[in-house]
Amino acid sequence: MLLGGIEAGGTKFVCAVGDEKGNIIEKVSFPTRNPEETLNDVKEFFNHHPIEALGVGSFGPIDLNKDSTSYGMILNTPKIKWKNYNLLGSLKKDFDIPIFIDTDVNAACSAEYKYGAGRDVGSCLYITVGTGIGAGLVQDGRIFQGKNHSEMGHIFVRQHPDDPFEGGCPYHRNCLEGLASGPAIEARYGTKGALLVDNENVWEMEAYYLAQAIMNYTVTLYPERIIVGGGVLKQEGLYPLIRRHLVEMMNGYIDVGEVDKFIVAPELGDAQGVRGAMSLVVL
Ligand code: ADP
Ligand code: ZN
Numbered sequence: 000m001l002l003g004g005i006e007a008g009g010t011k012f013v014c015a016v017g018d019e020k021g022n023i024i025e026k027v028s029f030p031t032r033n034p035e036e037t038l039n040d041v042k043e044f045f046n047h048h049p050i051e052a053l054g055v056g057s058f059g060p061i062d063l064n065k066d067s068t069s070y071g072m073i074l075n076t077p078k079i080k081w082k083n084y085n086l087l088g089s090l091k092k093d094f095d096i097p098i099f100i101d102t103d104v105n106a107a108c109s110a111e112y113k114y115g116a117g118r119d120v121g122s123c124l125y126i127t128v129g130t131g132i133g134a135g136l137v138q139d140g141r142i143f144q145g146k147n148h149s150e151m152g153h154i155f156v157r158q159h160p161d162d163p164f165e166g167g168c169p170y171h172r173n174c175l176e177g178l179a180s181g182p183a184i185e186a187r188y189g190t191k192g193a194l195l196v197d198n199e200n201v202w203e204m205e206a207y208y209l210a211q212a213i214m215n216y217t218v219t220l221y222p223e224r225i226i227v228g229g230g231v232l233k234q235e236g237l238y239p240l241i242r243r244h245l246v247e248m249m250n251g252y253i254d255v256g257e258v259d260k261f262i263v264a265p266e267l268g269d270a271q272g273v274r275g276a277m278s279l280v281v282l
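Sequential numbering from 0 applies to the sequence shown in numbering that gives the first Met the number 0.
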């Protein structure tokens, strides 16, 4: 069966066709412009391929409540032209095949669960730490969803004793995303994270926040594995620091097994997004 996948991002769209095993046969990428122009490029690509089903991993917020009249619509985004755009509706008009849509984070989680760092476990949580912070949970081939998609990046964490930063979340100020996203690091130090490689305090504090998040997700959900990715985790030295903090915070309360196997990096690299979109069809 030939499957299609769309990684619908705020800056670029990636479209691919591939098989049920997640192999990509052909892939294209183009910049995100207004919805009409962008979707024209999408449709042009898939018109050349006889796909039988399509998966979409989209930037958000997006309405994923199947009972809602705005199901599949982009909601209140700062990208004005995309606000209230019916992404799923537009695709359905042109493609009379099953279409599966989810958030970009859930699609990434699905990809890692099916083909990557979570392929040997029954449940895994994927956290992305980039421009924002988000997380998704897959258990036994199902992506967790309540009434709508979750926003696990906006949990509250304890402020580090040496952190004077007020936090950058426009809604909650010093929630996890407000304190530990890429832009939060940049706002705190006045320099991009990538240029702070040698400043140990930066990463110690970052790990303190991310470990608290992992602590909270572990005690509430107890997944078998936690995969941490996103631009900020290009700072690979964070992994051992996060693990050390988690072990200290957990204090033996929940047995997470070998911590090196519990908290891991993603394995799928650049194709994670579009493979994740395709994987929504076969998860
Ligand atoms: P997005 O979240 O927009 O999809 P990314 O996951 O690539 O994009 O994350 C972008 C963020 O990651 C930016 O805030 C950037 O400053 C940060 N970032 C990129 N590389 C590094 C690095 N080597 N160390 C720390 N932060 C980084
Ligand atoms: Zn917040």
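For glycine and all other residues, C-beta sits at the position ideal for the given N, C-alpha and C.
Here the alpha carbon of Tyr125 sits roughly 11 Å from the alpha carbon of Asp103.
Remark: the shortest separation between the CB of Glu257 and any heavy atom of the ligand ADP does not fall under 8 Å.
Within a 10 Å sphere around the beta-carbon of His244 sit 16 or more other beta-carbons, which makes this residue buried.
Closer than 8 Å to some heavy atom of the ligand ADP: that does not describe the Cβ of Gln271.
In terms of Cβ geometry, Thr31 and Gly17 do not form a close pair [threshold 9 Å].
Here the C-alpha atom of Pro34 lies approximately 23 Å from the C-alpha atom of Val280. Rounded to whole angstroms, the Cβ separation of Ile241 and Ala206 is 5 Å, and the two are in contact under 8 Å.
Each of Lys146, Val55, Met72 was checked against the Cα of Ala110, and the nearest Cα belongs to Val55. If you ignore the 5 residues before and after Ala15, its C-beta comes within less than 6 Å of the C-beta of Gly4, Ile23, Lys26, Val273, all in its own chain and listed in chain order. Note on geometry: alpha-carbon atoms of Val120 and Phe155 lie some 28 Å from one another.
The ligand ADP has no heavy atom closer than 8 Å to the beta-carbon of Val227.
Between the ligand ADP and the CB of Val13, the shortest heavy atom gap is not smaller than 8 Å. Unbroken alpha helix (DSSP H) stretches of 4 residues or longer found wholly inside the region 15-50: 34-46, given in chain order. The residue from Gly145, Ile226, Lys233 with its alpha-carbon nearest to that of Trp202 is Lys233. Burial state of Ala193 is exposed, judged by a 10 Å Cβ sphere holding fewer than 16 other Cβ atoms. When DSSP states are grouped into helix, strand and coil, Ala264 belongs to the coil group. In terms of side-chain proximity, the C-beta atom of Tyr208 is found no nearer than 8 Å to any non-hydrogen atom of the ligand ZN. In this structure Asn83 touches Met72 by the C-beta definition: roughly 6 Å separates them, less than 8 Å.
Set against 8 Å, the gap from the CB of Gly152 to the closest heavy atom of the ligand ZN is smaller. In the DSSP assignment, Cys123 falls within the unbroken beta strand (DSSP E) covering 122-128. Annotation for Asp103: the continuous alpha helix (DSSP H) segment containing it runs 103-114. Taking the Cα of Met277 as reference, the smallest distance to any Cα among Leu74, Asp93, Ala106, Tyr70 is reached at Ala106. With contact defined as three or more Cβ pairs closer than 8 Å, the region 210-224 and the region 250-261 are in contact.
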